[in-house]
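Data first, discussion second: the structure below is written as structure tokens.
Numbering (my numbering), first residue to last: 9 to 871.
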């Protein structure tokens, strides 16, 4: 199985190793590329059209469109070059293992060989994938788009995109790609189209444990402060992920705990750093899905907290919503917003990568090569008289007889007569088939679906109809008629606990004549993965079932009594948690920065089975992490005792007496400082525009202390406030920015009742105008003869509170609100709609927040 982190980068390929076969590697490109056709040319076309007059049924006079396919895979030439580069490494490793220990000599690729094995390159097991095109969204440039979808997860991870362009958009894209033929200008250095993949595959972590914990209350407060410090009230998912939030300050705030336990193994600092980065990437996804809600929509049902005992979590596969603006959820539910995640030693986890590429890199820099993909034609060109679709199917053709793709085209001519055309080609290879039909009434959209016909003659159900207008149609079909599952050993301790795992698999489908058959896949330390395949020559009508048996080194057997459905092409097997007591020691509290060393004693006793275990662990800081394991004879007896003591750098010493614990898998060791620790973060500062910022803070109690902190970087600073027990957390603070190009800027005094202060961003303020369009075309004025919309714009920093009301009736269905603002970057406003019914009843709605400069008044709905 693929192991992370990546072990090297060679050329434009990122190289991953394998957990058992030293000669096997996995190569992924660093960026997507354009898919190549059978002739080796990129599948990309920009059509710009123009005409003096518009004939009936033809497109508007001027415009264009872009259509292209992308792929994410290494090129054949890159693969061969990579094998040559890696072969010397394999040769050297084979020599080392052949002269090593007995276990090393028995490894695959060494045992029974007289020469080094050849390099083998494999493809990761992709389990989830999305792809998105980021392109200009202005209505003056683009009229329609197919801009995001799921990656195929099959050959090449192919995706297709298209943009319909206005005349200005076609000219803009042509100038950007190849220059302006009229003035001889060269192409722009910046291409306005970006393709971003989000791919997830199974990967095995190094021998370490990752503990991630989010304090829901503190994280909710921290996120609110960060958003406020940046002077906005909402953000997109992409802005959230790209936010330059300092991981150290996030950890020190107490909102997040991330710990890496390498145990007795030797792992480089670089690998530990990448594991930590992986944990924070997981954190960002969890925060986005848990603490944010789409603007203007009700909050989604909260996801349940991840159980600490689970070695993997499906939350990692949550699709990102880059284009939707999101606001911090107003309500805080401590039960659903507190997150714990433990990834066990040698865990198999979903590992995500996010490769991106622009057309600058996809098409290359040769203007002549780019020009071959640009066509400038008139609207009366024969091109517009014909719809031509190139159809290409990717699937495991060896498992089926053929694949069928149906295409239907329907349009009305100038007389209103509906014309139809269709085709249903069969495919036995991935070679493309081209279909053409006359275009009627300028309509270029068509719908399509597919099915597979198995070798025995049975056909699968057709896929749902989908609508498309691009000239390329890529169809990816997961192989039917064959059951194929990869069985993977996840967090299993083969050294101390488990000798082997028997994975029994069974499938039957009497209705389609498939008899029941069972098979066993054996997992051991030497063989941590296996595979199951069965040709059924019929569509899979139900799930493959599995049942596990664990043979423990103690002689005990743990066997499941029930069969369980296998979901997906992989079955991940983790050891039975009921056979082991595993306790993770978690340093917590704000006092660990002053701790020199702490000792934790743990004791487990089972007199009936002659077991008595006493262990001691040493902790030296918040980033310390230790796990205590006891292998149980009596799986019902899980209670243990613990005691700890700590010495401080200042010479103080504290001791906690022995306590009983019912068997909690997470044991916090909490050290608190007296008084209040206030953290001031500078994540939001723009040091280029304002290299120095000063903040003066006062503890807002009678006789409260005062402190001034100076920031010339983004490192968080702390103020340990001397305060009596129970003193309120209440502060006043004044921020002074020292920008490069003007006098110091003193912001109004602010108040804070949390132990975190986020310094607000200095912004060179420019006046602007907020213009909001109001549309009441959807209103039924027979039901509500009059509709009023109240609008309000507030900017407390400049003491602005602007309000206006508009009234609509059957003769007045549109209006525009324009207000002068002091800060052009503040575009948020609130509005409320009031309906006046025909009987005189007044129905006022709630105040709504928006950053979209358009309010569409909906039809009144009686509740």
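Note that the Cβ used here is the ideal one computed from N, Cα and C, for glycine as well. Note that this is a predicted model, so its numbers are computed, not measured.
Where the beta strand (DSSP E) containing residue i begins and where it ends
| i | result |
| --- | --- |
| residue 649 | 648-656 |
| residue 669 | 661-669 |
| residue 851 | 850-852 |
| residue 13 | 10-18 |
| residue 768 | Note, residue 768: premise wrong, no beta strand (DSSP E); not H, not E. |
| residue 819 | Careful: residue 819 lies outside any beta strand (DSSP E) and carries neither H nor E. |
| residue 801 | 794-803 |
| residue 78 | 71-79 |
| residue 726 | 725-729 |
| residue 621 | 619-627 |
| residue 443 | 441-446 |
| residue 837 | 837-844 |
| residue 407 | Neither: residue 407 is in no beta strand (DSSP E) and is coded neither H nor E. |
| residue 517 | 506-517 |
| residue 355 | Looking at the DSSP string, residue 355 is not in any beta strand (DSSP E), and its letter there is neither H nor E. |
Among the options, nearest to residue i - alpha-carbon criterion
| i | options | result |
| --- | --- | --- |
| residue 601 | 612, 616, 649 and 680 | 680 |
| residue 465 | 210, 858 and 411 | 411 |
| residue 166 | 499, 51 and 178 | 51 |
| residue 560 | 598, 502, 287 and 540 | 502 |
| residue 508 | 57, 799 and 532 | 532 |
| residue 700 | 749, 686 and 543 | 749 |
| residue 77 | 202, 87 and 219 | 202 |
| residue 924 | 628, 649 and 767 | With the chain covering 9 to 871 only, the question about residue 924 has no answer from this structure. |
| residue 439 | 847, 168 and 405 | 405 |
| residue 37 | 131, 71, 442 and 29 | 131 |
| residue 539 | 29, 516, 511 and 39 | 511 |
| residue 745 | 767, 802 and 479 | 767 |
| residue 552 | 562, 564, 558 and 525 | 525 |
| residue 362 | 470, 80 and 177 | 80 |
| residue 437 | 400, 417, 489 and 143 | 400 |
| residue 180 | 435, 54 and 618 | 54 |
| residue 425 | 409, 448 and 443 | 448 |
| residue 639 | 211, 820, 619 and 475 | 619 |
| residue 357 | 283, 403 and 760 | 283 |
| residue 833 | 843, 852 and 772 | 772 |
Assumed close pair residue i, residue j - CB separation to whole angstroms, cut-off 8 Å
| i | j | result |
| --- | --- | --- |
| residue 105 | residue 33 | No, residue 105 and residue 33 are not in contact; Cβ-Cβ is about 16 Å, not under 8 Å. |
| residue 537 | residue 506 | That belief does not hold up - the Cβ atoms of residue 537 and residue 506 are roughly 15 Å apart, past 8 Å. |
| residue 102 | residue 122 | Rounded, the Cβ-Cβ distance is 10 Å, inconsistent with contact. |
| residue 75 | residue 170 | 5 Å |
| residue 706 | residue 712 | 6 Å |
| residue 545 | residue 481 | Rounded, the Cβ-Cβ distance is 28 Å, inconsistent with contact. |
| residue 209 | residue 10 | 7 Å |
| residue 775 | residue 828 | 7 Å |
| residue 753 | residue 770 | 7 Å |
| residue 606 | residue 652 | 6 Å |
| residue 458 | residue 483 | 5 Å |
Residue span of the alpha helix (DSSP H) that contains residue i, given as start and end
| i | result |
| --- | --- |
| residue 140 | Counting along the chain, residue 140 falls outside any alpha helix (DSSP H), though it belongs to the beta strand (DSSP E) covering 134-142. |
| residue 102 | 84-106 |
| residue 112 | 110-113 |
Residues near residue i by beta carbon distance below 6 Å, same chain, minus five either side
| i | result |
| --- | --- |
| residue 6 | Beyond the ends of the chain as shown, which are 9 and 871, falls residue 6; an answer cannot be given. |
| residue 304 | Bear in mind that a pLDDT of 48 at residue 304, under 50, signals an unreliable position, so the number given afterwards is only what the model happens to contain. Taken in chain order, the list of residues that qualify is empty. |
| residue 542 | 491 |
| residue 857 | 838 |
| residue 718 | 702 |
| residue 708 | 738, 739 and 740 |
Sequence-distant residues of its chain with Cβ nearer than 8 Å to residue i (five each side left out)
| i | result |
| --- | --- |
| residue 23 | 14, 15, 16, 17, 33, 34, 35, 90 and 94 |
| residue 594 | 219, 221, 265, 267, 633, 674, 675, 676 and 677 |
| residue 521 | 546 |
| residue 192 | No answer about residue 192 holds up, because its pLDDT of 45 lies below 50 and its placement is not dependable. |
| residue 808 | 801, 802, 829 and 830 |
CB of residue i within 7 Å of CB of residue j, strictly
| i | j | result |
| --- | --- | --- |
| residue 626 | residue 592 | no |
| residue 31 | residue 139 | no |
| residue 730 | residue 683 | yes |
| residue 817 | residue 794 | yes |
| residue 529 | residue 554 | no |
| residue 445 | residue 432 | no |
Nonlocal neighbours in the same chain, by C-beta distance under 7 Å from residue i, ignoring five residues either side
| i | result |
| --- | --- |
| residue 866 | 786 |
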